[in-house]
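Reviewing the structure listed below.
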Amino acid sequence: MSTTSNPSKRDRTNTDTAVAKPSRRTFLKGSAATTAGLVVGFHVPFFNKQAMAQGIAAAPISPEVNAWVVVQPNDKVIIRIARSEMGQGSLTGLAQMVAEELECDWAKVSTEYPTPGQNLARQRVWGDFSTGGSRGIRGSQDNVRKGGATARMMLVQAAADEWKVPVSECSASKSVITHGPTKRTTTYGKVANAAAKLTPPTDIKFKDPKDWTLIGKRLARLDTVEKTTGKQIYGMDLKLPGMLNAAVKDAPVFGSKVKSVDDTAVLKRPGVKKVLRVGDTAVAVVADTWWRAKTALDALKIEWEDGPNAKASSASFAEVLKAGLDAKDAVVGHSVGDARAAIAASPRKIEAVYSYPHQNHVCMETMNATVKWTPERCEVWVPTQNGEAALAATAEAAGLPPAKCEVYKIHLGGGFGRRGATDFIRQAVAIAKQMPGTPVKMIWSREEDMAQGRFHPVTQCKMVAGLDDKGEITGLSMRISGQSILAYVAPQNIRDGRDPVVFQGLNAPGPEASIGYTFPTFLVDHAMRNPHVPAGFWRGVNLNQNAIYLESFLDEIAHATNQDPLALRRKLMSKHPKHLAVLNAVAEKVGYDKPAPAGVFRGLAQTMGFGSYVAACAEVSVSKEGGLKIHRIVAATDCGNAVNPQQIEAQVEGSFVYGLGAALYQECTVKDGRIEQTNFADYPSLKLAEMPKVETVILAWGGFWGGVGEPTIAVAAPAVLNAIFAATGKRIRDLPLKNHSLKA
Amino acid sequence: MPKLNVNGKLLDYQADEGTPLLWVLREQLGLTGTKYGCGIAQCGACTVHIDGVAVRSCVMPAAAMKATQKITTIEGLTPNGTHPIQKAWQALDVPQCGFCQSGMIMAATALVKEKPNPTDKDIDDAMTNICRCGTYNRVRAAIHVAAKEMAATKTGAKPKKVSELGKSVLDIQHIDGSQA
Chain A
21 MSTTSNPSKR
31 DRTNTDTAVA
41 KPSRRTFLKG
51 SAATTAGLVV
61 GFHVPFFNKQ
71 AMAQGIAAAP
81 ISPEVNAWVV
91 VQPNDKVIIR
101 IARSEMGQGS
111 LTGLAQMVAE
121 ELECDWAKVS
131 TEYPTPGQNL
141 ARQRVWGDFS
151 TGGSRGIRGS
161 QDNVRKGGAT
171 ARMMLVQAAA
181 DEWKVPVSEC
191 SASKSVITHG
201 PTKRTTTYGK
211 VANAAAKLTP
221 PTDIKFKDPK
231 DWTLIGKRLA
241 RLDTVEKTTG
251 KQIYGMDLKL
261 PGMLNAAVKD
271 APVFGSKVKS
281 VDDTAVLKRP
291 GVKKVLRVGD
301 TAVAVVADTW
311 WRAKTALDAL
321 KIEWEDGPNA
331 KASSASFAEV
341 LKAGLDAKDA
351 VVGHSVGDAR
361 AAIAASPRKI
371 EAVYSYPHQN
381 HVCMETMNAT
391 VKWTPERCEV
401 WVPTQNGEAA
411 LAATAEAAGL
421 PPAKCEVYKI
431 HLGGGFGRRG
441 ATDFIRQAVA
451 IAKQMPGTPV
461 KMIWSREEDM
471 AQGRFHPVTQ
481 CKMVAGLDDK
491 GEITGLSMRI
501 SGQSILAYVA
511 PQNIRDGRDP
521 VVFQGLNAPG
531 PEASIGYTFP
541 TFLVDHAMRN
551 PHVPAGFWRG
561 VNLNQNAIYL
571 ESFLDEIAHA
581 TNQDPLALRR
591 KLMSKHPKHL
601 AVLNAVAEKV
611 GYDKPAPAGV
621 FRGLAQTMGF
631 GSYVAACAEV
641 SVSKEGGLKI
651 HRIVAATDCG
661 NAVNPQQIEA
671 QVEGSFVYGL
681 GAALYQECTV
691 KDGRIEQTNF
701 ADYPSLKLAE
711 MPKVETVILA
721 WGGFWGGVGE
731 PTIAVAAPAV
741 LNAIFAATGK
751 RIRDLPLKNH
761 SLKA
Chain B
489 MPKLNVNGKL
499 LDYQADEGTP
509 LLWVLREQLG
519 LTGTKYGCGI
529 AQCGACTVHI
539 DGVAVRSCVM
549 PAAAMKATQK
559 ITTIEGLTPN
569 GTHPIQKAWQ
579 ALDVPQCGFC
589 QSGMIMAATA
599 LVKEKPNPTD
609 KDIDDAMTNI
619 CRCGTYNRVR
629 AAIHVAAKEM
639 AATKTGAKPK
649 KVSELGKSVL
659 DIQHIDGSQA
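These protein sequence lines map, in sequence, to chains A and B. With my numbering applied, the first sequence covers 21 to 764. With my numbering applied, the second sequence covers 489 to 668.
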C-alpha cells in the first residue's frame with residue numbers, strides 16, 4: 021500500500037509537537053462551513069488525532085456515514101477504531117475488516133480513535149474499548165464488519181436513489197458504485213452526504229469468506245512510517261501549552277503509607293513548583309521539566325510507615341504457597357471422574373512440584389498520563405488499553421461526573437496488560453487536581469515502573485499422575501496454589517471463591533482455553549493464596565504457567581514411560597483435532613520424523629487459549645559449560661480466520677521474545693515487602709543476539725475468530741524447557757532459568 | 489548560553505548541571521523522537537549519533553558536548569524517512585509499538601555506516617537495544633535488506649521504492665521459513 025494512506029499524512033501542516041485540543045468553538049465555526057445544510061442525527065465532533073497531537077486546531081472532518089465510517093468528498097475513507105494500538109497491529113487488522121465489507125479502496129483508508137466520552141454519549145455505539153485478552157479482532161469482528169457493511173449499503177442506496185434505479189441493480193467495488201444495466205458509475209465520496217441521511221439498514225449480510233479481498237491479505241501496517249521517523253507521538257511525548265511535569269514515588273512496600281516528607285531543600289531547587297501528597301501513599305514533585313522533577317524527587321526526604329507487610333518476602337510467599345499444595349480449601353476448576361482415587365489405586369505414581377515467579381511487564385514506555393483538571397472539567401491524555409475504564413477512573417479521581425471528563429487515547433509504547441490498569445491514571449488526576457487549570461504530565465521513572473507493577477501472579481503447582489502396569493495414565497491431578505489476578509483487579513468476578521481465569525488452558529472442551537488432552541480421570545483445583553504484591557494481567561496471563569506445568573509434566577511422563585513425547589501427546593489428543601492439528605503442523609515443519617542436527621535437541625509444547633490453538637517445537641543445544649543456545653523455533657497457530665498473516669507472524673515472533681525473556685531471565689523478588697529489581701540491569705530482557713530463528717505456520721481454516729497476541733507466549737517456555745531436558749537430562753521446574761546451572 | 493549542534497543547527501539551551509543530553513533534546517529542543525526507556529544506558533531507546541557514532545544520550549551530560557560535535561537525532565537522520573535503513577524498516581513492517589524503534593534505527597544506521605555489509609555477528613554485537621514487543625528478527629532482516637540496497641545504489645543502481653524493497657520481503661520471510 022502506498023504511503024498516501026498513512027493517517028498522519030492528513031493535515032500534517034505543522035511539526036510543532038505541542039498539543040492543544042481544539043476548542044468546541046473552533047469546531048463549531050469550522051463545521052458550520054463544511055456541514056452546512058446537513059444534519060445527521062446526533063453528530064459528535066471528531067478531530068484528527070494526529071493534528072490534535074501536533075497542536076493544530078484541526079479542520080473538522082466530513083460527516084460520518086455511520087459511527088465507523090467517514091467518507092470525504094475526495095473519496096478518502098476514515099475508519100474509526102475503538103481498540104487501542106499498542107504494537108499488536110489490530111489498528112490495521114480492524115481497518116481491513118471494515119474496509120472488506122465497505123468495499124472501499126484500501127489505498128485511501130486512514131484511521132482515527134473515537135474517544136471514550138463520545139462512546140458514552142452515543143450509547144456505546146463502538147462497543148467495548150478494552151484492548152486485552154487478545155480480543156482486539158475476535159471481540160470486534162461482528163461489530164466492525166457490520167459497520168462496514170451498513171455503510172456500504174447506505175452508499176449504494178444513495179447512488180441508486182440518485183439514479184432512480186433499483187438498488188439491486190447496483191454494486192460497489194473499490195469505492196466505485198456501478199449501475200449494472202447502464203454502466204453508470206459514481207464514487208463513495210460523491211454520495212457520502214446523501215448516504216449519511218438514510219436510515220441504516222437492519223438486514224445485514226456479510227460477505228462469504230471466499231470472496232474476501234482484504235481479510236487474509238498481508239497488508240502493510242497503517243502506522244509504520246511514523247514509527248521510523250520519530251514522528252509517532254506517545255504519551256510521554258505530549259506537550260500542552262503551560263504544561264508542568266510531575267515525577268512520583270509511591271510507597272515501595274505495597275499497602276504502606278507516607279509518614280513524613282521534608283521538602284525544605286527541594287522546594288528551593290530551580291524549576292520546582294510544588295511537592296504534593298498523592299493520597300496517603302505517594303509523593304510527587306511538580307516542576308517545569310521532568311528531569312528537574314525527577315531529580316528533585318530523588319533528593320526528597322521521605323519517611324514511610326511500612327505497616328504489616330514490611331517483612332514479607334518471596335521466601336515467605338513460597339512457604340504459604342507450598343502449604344497450599346496440600347490444603348483442604350481448594351476450588352475445583354475442571355474434573356473428570358475421580359482422579360484422586362484413580363491415582364491412589366494405581367501401581368505407579370509420578371509427582372512433581374513446579375512454580376512460576378512474579379514478573380513485571382516492563383513496557384518500553386513507562387507509565388504516564390497528562391491531565392488538566394478544573395472544577396468544571398477533567399481531561400486526560402493517556403496511553404491506555406482501556407479507554408472506558410480510564411474515563412471511569414478519571415471521573416472518580418477527579419470528583420466529576422463522566423460527562424464532564426474526557427480521555428484522549430494516545431499511542432502506547434507497549435501495553436502487555438499493564439496499561440489495562442488505571443492506577444497511574446488515578447494518580448495523575450490526583451496530582452493535577454492539586455494544580456487546578458494547569459496541565460500536568462506525570463511520568464514514572466523506570467525504577468518507579470519496576471516497583472509499582474501489576475505483576476504476573478505467583479503460583480506453585482503439584483502435578484501427580486497415576487500409571488498402570490503398562491505405563492498408561494490412569495489419572496492426572498493438578499493442584500494450583502497461589503495468586504488470583506481477579507482478586508486484585510475484579511474481585512466481583514470471583515464467585516464462591518472461584519477465579520475462573522486461574523484455569524486457563526485447562527478448561528473442559530469448548531471454545532476458550534480448553535485442555536487438549538483426554539485423560540481417564542482428571543482434576544485441577546486451586547488453593548487461592550494472595551500475597552500483598554498486586555497481580556495483574558500479564559501478556560499470556562495464566563496460560564503461561566499452566567502450559568509450563570502441563571507440557572513439562574507430560575514430557576516427564578513420556579520419559580518415565582519410555583514414550584516419545586510427540587507420540588504420547590498424539591495418543592492423548594485424538595478427541596481434540598484442532599489442538600492436534602497445530603501440533604502435527606509443527607512436527608511436520610520441524611521434520612520431527614528425522615533427527616535434529618548433531619548436538620541439537622527438540623522440545624514440544626501445545627496449548628489453547630484466547631480463542632486460538634498453538635504449538636511449538638524448540639531446537640536447542642547446551643554446551644558442556646552450561647551455555648544454552650536456542651537455534652530454531654517452529655510455531656503453528658490456528659486462529660480460525662487469519663486477518664493479516666504478516667501481523668500474525670510478527671505477533672508469533674514477538675511472543676517468543678516476550679516468553680523466552682520471561683523464561684530465561686525475569687523474576688521480581690520481594691524483600692522487606694518491596695520489589696528488589698529496579699531496572700533493566702537487574703531485570704534483563706531477551707536481546708537480539710539471543711533470538712532464535714522463528715518459523716511460523718498459520719493454519720487459517722476459518723470458522724472462528726481467535727486471538728494471536730498472547731497464546732504463543734505460553735508455548736515458548738515449555739518447548740525450550742523440554743528441549744533442555746532432552747539435551748541435558750535436567751528438568752527445570754521453576755523459573756527463571758538464570759537461577760539454574762545447565763553445566764554437565 | 490551553552491549551545492548544541494543538533495541536526496545541522498546550532499541551538500541554545502538551558503539546563504542544570506548534569507542534565508543528560510536526552511532530556512535537553514526532549515524537553516528543551518522539542519525533539520521527542522529520542523525516547524527515555526531506562527536512564528542507565530541499558531535499553532538504547534535514547535540512541536543518537538554523535539559525529540556519526542551511536543551513543544546512549546540518557547547518560548551523556550549535555551554539558552559534556554562541544555558545539556563542534558555533531559549530534560543527529562532520528563528527526564535529523566533524513567527529512568522524510570528515506571534512509572535505506574528506514575525504508576527497509578517500512579518495507580518489512582519492523583515496528584510494533586515502535587517506542588524503541590528510533591533508537592534501533594539510530595543504532596542500525598551507525599552500524600551500516602561503519603560496516604556496509606554487516607554479518608549476523610556484527611548485527612548481534614551492535615544491536616543491543618531492548619525491544620519488548622519482539623521485533624528482533626525483522627530488525628536483523630531489515631538491516632540485511634538495507635545493506636544490500638546500499639551496496640546496489642553504490643554501484644549505480646537506482647534507489648528502490650519502499651514497495652519495491654517490500655517485494656524482497658517475501659524472500660526475507662521465507663529465509664525464516666514462515667508460511668501462511
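Glycine included, every Cβ here is placed at the ideal spot set by N, Cα and C. For clarity, every value in this text was computed on a predicted model and none was experimentally measured.
Residue i versus residue j - alpha carbon distance
{"i": "B/ALA552", "j": "A/THR394", "result": "42 Å"}
{"i": "A/VAL765", "j": "A/ASN562", "result": "In the structure as shown, chain A begins at 21 and stops at 764. Residue 765 of chain A is therefore absent and cannot be evaluated."}
{"i": "A/GLY517", "j": "A/TRP464", "result": "35 Å"}
{"i": "A/SER334", "j": "A/MET384", "result": "26 Å"}
{"i": "A/ILE733", "j": "A/SER675", "result": "5 Å"}
{"i": "B/GLU500", "j": "A/HIS760", "result": "This sequence places Asp at residue 500 of chain B; Glu is not what is there. Using only the alpha carbons, I get a separation of about 52 Å."}
{"i": "B/PHE587", "j": "A/ARG438", "result": "16 Å"}
{"i": "A/VAL303", "j": "A/ALA578", "result": "55 Å"}
{"i": "A/VAL544", "j": "A/ASP318", "result": "47 Å"}
{"i": "B/PRO583", "j": "B/GLN589", "result": "6 Å"}
{"i": "B/MET489", "j": "A/GLY473", "result": "41 Å"}
Limits of the alpha helix (DSSP H) - the one that residue i falls within
{"i": "A/GLN138", "result": "136-141"}
{"i": "B/TRP577", "result": "572-579"}
{"i": "A/THR390", "result": "Per DSSP, A/THR390 belongs to no alpha helix (DSSP H); it is in the beta strand (DSSP E), 388-393."}
{"i": "A/SER594", "result": "Element bounds for A/SER594: n/a, residue is neither H nor E."}
{"i": "A/TRP183", "result": "161-183"}
{"i": "A/ASN380", "result": "First-last for A/ASN380: undefined, no H or E at that position."}
Range of the contiguous beta strand (DSSP E) that encloses residue i
{"i": "A/GLU84", "result": "84-86"}
{"i": "A/GLU426", "result": "425-429"}
{"i": "A/GLU325", "result": "321-325"}
{"i": "A/HIS354", "result": "351-356"}
Beta-carbon separation (whole angstroms), residue i vs residue j, contact threshold 8 Å
{"i": "A/VAL714", "j": "A/GLU673", "result": "5 Å"}
{"i": "A/THR390", "j": "A/LYS429", "result": "About 12 Å; that fails the 8 Å criterion."}
{"i": "B/MET592", "j": "B/ASN617", "result": "5 Å"}
{"i": "B/LYS603", "j": "B/ASP610", "result": "5 Å"}
{"i": "B/ILE573", "j": "A/THR249", "result": "About 12 Å; that fails the 8 Å criterion."}
{"i": "A/LEU234", "j": "A/GLU120", "result": "4 Å"}
{"i": "B/LEU653", "j": "B/LYS601", "result": "Actually they do not touch by this definition, with Cβ atoms about 19 Å apart."}
CB contact check: residue i to chain A, cutoff 7 Å
{"i": "B/THR616", "result": "yes"}
{"i": "B/ASN625", "result": "yes"}
{"i": "B/GLN574", "result": "yes"}
{"i": "B/ILE673", "result": "Because residue 673 of chain B is not part of the residues shown, which for chain B are 489 to 668, the question remains open."}
{"i": "B/THR520", "result": "yes"}
{"i": "B/GLN589", "result": "yes"}
is_contact[residue i, chain B] using C-beta, thresh 7 Å
{"i": "A/TRP311", "result": "yes"}
{"i": "A/GLU673", "result": "yes"}
{"i": "A/PHE700", "result": "yes"}
{"i": "A/GLN252", "result": "yes"}
{"i": "A/GLY434", "result": "yes"}
{"i": "A/TYR678", "result": "yes"}
{"i": "A/ALA410", "result": "no"}
{"i": "A/MET470", "result": "no"}
{"i": "A/SER705", "result": "yes"}
{"i": "A/MET455", "result": "no"}
{"i": "A/VAL245", "result": "yes"}
{"i": "A/GLY75", "result": "Model confidence at A/GLY75 stands at a pLDDT of 38, short of 50, so the residue's coordinates are unreliable and nothing is read from them."}
> For the stretch 468-551 of chain A, which segments carrying the alpha helix (DSSP H) assignment without a break, of at least 4 residues, lie completely within its bounds, in sequence order?
Replying inline: 505-509
>> My parser needs the beta strand (DSSP E) runs of 3 or more residues fully inside the stretch 230-311 of chain A; what are they?
In response: 264-270, 277-282, 292-298 and 302-307
> Going along the chain, which unbroken runs of the beta strand (DSSP E) with 3 or more residues stay wholly within the stretch 605-690 of chain A?
Replying inline: 621-629, 632-642 and 648-658
> Taking the runs of the beta strand (DSSP E) that are 3 residues or longer, which of them lie wholly in the stretch 547-631 of chain B?
Replying inline: 558-560
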